[in-house]
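In the working numbering, the protein residues as written are 1 to 314. Backbone N, C-alpha and C define an ideal beta-carbon position, used for all residues, glycine too. Each remark here refers to the structure printed beneath this line.
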Amino acid sequence: MKFGKKYNLEMEGQDQKKVSGIGYEELKKILKNCRRDLDQSQIDPDHGVPNDISTCPVCDGVFFQTLLKEMSAVIRCFKERVKKLIERHHSSGFHKYFIRLKDKLQGNQIDLIQEGKDLITYALINTMAMRKLLKKYDEIHFSKQGQAFKSQAQSRHIEILQSPWLYELMAFHVNLRKAPVLFDGCSVICKPSLSCDLFDSVKLAIDLTCPICLDTVFDAVCLTCGHIFCHMCACKAASVTIVDGMKAADPKEKCPLCREEGVYEGAVHLEELNILLSSSCPEYWDERLQMERVDRVQQAKEHWESQCRAFMGV
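This is the structure:
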């Protein structure tokens, strides 16, 4: 089955959730209708590619702008759906009852396992659609603009495979391992990495070693650039206390790895990953918990003492 038909079938199966998607067929038509005529004098006779690679005004006015808009919508939709799934998984008491009641009233009560499977399919099918479109663009135009756009998407955090919510979904799968298989062909290995081999040669590997303390991440957080750190290590790197939290970080503070600015405010606390690590490495987790408890108490004490001095004008 051609990918276009496969993509349409997968997205049709998710239409009831009113999800965003990439207009794969429409964007392919833009490429097919491109009538860019290359001057033969610009073609390298040995390799058959232009000597002077330039953009295509026919395609670029619509193609990249449309793809960027649709990719942004997909990543927002994916984020909200995973957040809702994790919320349902962690809810308890009245909150859990309220969520279930709300789902029943909306007619959208979905089993957690099936929802996780749908989300993985949604992430992968849209990732492959984007990659195939960009590859096709470069083939048609003898260029590297498609690859450049892919790099740009990663820097703008609209590449779904670098989303912290995908990391949470992978950990969610392991945490529900005793339940029916979440996704055929998905295997996860923990300590000290989380890896996942998926269909169509899509592979994910997440290093769970904190780049700052060089130990397995504890109380893991993911910055908006996609890099994972221990919560306390990230706070130290952002020059804030554990009490203030990373939202208090200066926007000019940079990620210790990629040196990108403004990555702390939107950091995601990886709850599912922390559950996975605490259950997989109980001795290590308890040891780190005891070690960090002392530091957290000390930071909290210093914080409130400074607040009292400021209040009293000392």
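Short check: CB of tyrosine 264 to CB of alanine 300, under 8 Å?
no
May I ask you to report which of helix, strand or coil DSSP gives cysteine 196?
strand
Between threonine 224 and histidine 157, how many whole angstroms is the CB-CB distance? I'm expecting something under 8 Å.
6 Å
Under the three-state reduction of DSSP, which class applies to lysine 252: helix, strand or coil?
coil
Do the CB positions of valine 74 and asparagine 126 come within less than 8 Å of each other?
yes
Beta-carbon within less than 7 Å of cysteine 258's beta-carbon, same chain only, minus the 5 sequence neighbours each way: which residues are those?
Cys225 and His227
If the criterion is Cβ atoms closer than 8 Å, does the pair leucine 273 and tryptophan 285 meet it?
no
Between isoleucine 160 and phenylalanine 78, is the Cβ-Cβ spacing less than 8 Å?
yes
Is methionine 130 near methionine 170, with beta carbons less than 8 Å apart?
no
Identify whether aspartate 207 lies in helix, strand or coil by the three-state DSSP scheme.
strand
N-terminal and C-terminal residue of the beta strand (DSSP E) that cysteine 222 is part of
220 to 222
Report the three-state DSSP secondary structure of phenylalanine 229 (helix, strand or coil).
strand
Name the one or two DSSP bridge partners that glutamate 70 has.
The partner list for glutamate 70 (beta bridge, DSSP) is empty, contrary to what the question assumes.
Valine 243 versus tryptophan 165 - alpha carbon distance:
24 Å
Could you tell me how far apart the beta carbons of leucine 176 and leucine 112 are, in whole angstroms, since I believe they sit closer than 8 Å?
7 Å
Who does glutamate 261 pair with in a DSSP beta bridge?
Lys254
C-beta atoms of cysteine 281 and threonine 216 nearer than 8 Å
yes
Measure the beta-carbon distance from cysteine 59 to isoleucine 30 and round it to whole angstroms, keeping in mind my assumption that it falls under 8 Å.
6 Å
Option nearest glutamine 114 by Cα separation, candidates Lys135, His89, Gly262 and Lys136:
His89
Quick check on alanine 123: buried or exposed, where buried means 16 or more other Cβ atoms within 10 Å of its Cβ?
buried
Indicate the three-state DSSP secondary structure (helix, strand or coil) for valine 62 in the structure shown.
coil
Quick one: grab the DSSP three-state call for histidine 315.
An answer regarding residue 315 cannot be provided, because it is not within the stretch 1 to 314 covered by the chain.
How would you call leucine 289, buried or exposed, if buried means at least 16 neighbouring beta carbons within 10 angstroms?
exposed
Opposing strand residues paired with threonine 216 [DSSP bridges]:
Thr209
In three-state DSSP terms, what is leucine 289?
helix
Closest residue to lysine 28 among Lys83, Leu133 and Glu80 (Cα-Cα distance):
Leu133
Can you tell which of Lys144, Thr121, Ile212 and Cys222 has its C-alpha closest to the C-alpha of glutamine 162?
Cys222
Taking the alpha-carbon positions, what's the glutamate 10 to glutamine 147 distance?
25 Å
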